[in-house]
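Just add 777 to the spot in the sequence shown (first one is 1) and you have the working numbering.
For each residue, glycine too, the CB sits at the ideal point set by N, CA and C.
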Amino acid sequence: MNVLEAIEKRRSIRRFSPQPIEKNMLYELVMGARLAPQAANIQPLQYMIVHQKQLLEPVFACTRWAGYLKDYAPKPGFRPTAYIVVLINEDLKKNGNDTDAGAAIENMLLLAVEKGLGSCWIGSLDRKQLTKLLGVPEACKIHSLIALGYPAENPVWEEKEGDSIQYYLDEEHRLHVPKRRMNEIIVPIQPNLEK
Ligand SMILES: Cc1cc2nc3c(=O)[nH]c(=O)nc-3n(C[C@H](O)[C@H](O)[C@H](O)COP(=O)(O)O)c2cc1C
778 MNVLEAIEKR RSIRRFSPQP IEKNMLYELV MGARLAPQAA NIQPLQYMIV HQKQLLEPVF
838 ACTRWAGYLK DYAPKPGFRP TAYIVVLINE DLKKNGNDTD AGAAIENMLL LAVEKGLGSC
898 WIGSLDRKQL TKLLGVPEAC KIHSLIALGY PAENPVWEEK EGDSIQYYLD EEHRLHVPKR
958 RMNEIIVPIQ PNLEK
């Protein structure tokens, strides 16, 4: 699978099989995150890897799913089997922004595809509860988390028709994710070289 194929295959997965993920795979995702581009190479990100059975449900309780759909959070038996929590260490970078995290997280999401894993990047979180649950160090704030597991759904992206960018379920309960068309996102240059 080349990079473009991985990009096309990667969709947010919100139904997982119960098969656990090998711990080493989770480390490998963080190894990929470590090498992402980082502003001024400060690398303020840190990671908590959650795979312990007794933590999975309490972490799940801190997550919110699929805002555009009614009742599409994964039910018991279809929930993530691991999480990677992305932290910004503010001792390393005050007011650390989203950009560093975005680059690192996308590396993890694409590596997950290569490993046959499904993932969902979750920004809608009860951060206070999660901070307490995991004992997040004081210097760190939670950026977001990646929910992981072997996929038990097969969403598909499609060219956006009409105005809506909202993902939706078809009659077979398959998730469709509209993406803006190329001619909508490429802006023509209007050159002006005059001094
Ligand atoms: C910063 C960020 C936060 C997100 N937070 C959530 C979330 O809290 N819950 C959720 O179900 N999906 C979340 N997503 C996943 C998006 O809904 C998803 O990426 C989008 O609908 C496009 O689908 P795709 O990932 O399959 O391309 C988040 C994605 C990003 C980039």
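Check: Near ligand 1: MET901 beta-carbon under 7 Å from a heavy atom; Outcome: Correcting the residue identity first, residue 901 is Ser in this sequence and not Met. Checking the Cβ of SER901 against ligand 1 gives yes.
Check: ALA843 CB to nearest heavy atom of ligand 1 below 7 Å; Outcome: yes
Check: Nonlocal neighbours in the same chain, by C-beta distance under 8 Å from GLU785, ignoring five residues either side; Outcome: TRP934
Check: Helix, strand or coil at GLU936 [DSSP, three-state]; Outcome: strand
Check: Candidates ASN866, PHE837, TYR845: closest to LYS852 by CA position; Outcome: PHE837
Check: C-beta contact flag for ARG788 and PRO914 at 8 Å; Outcome: no
Check: Top-ranked residue by Cα proximity to GLY844, from GLN815, TYR944, ASP875, LEU864; Outcome: TYR944
Check: Three-way DSSP call (helix, strand, coil) for THR876 in this model; Outcome: helix
Check: Closer than 7 Å: CYS839 CB and nearest ligand 1 heavy atom; Outcome: no
Check: Classification of LEU1051 by the beta-carbon crowding that lies within 10 angstroms, buried from 16 upward; Outcome: This structure does not reach residue 1051, given that the chain is present from 778 up to 972, and the question cannot be answered.
Check: Contact between the segment 821-838 and the segment 855-869 (3+ Cβ pairs under 8 Å); Outcome: yes
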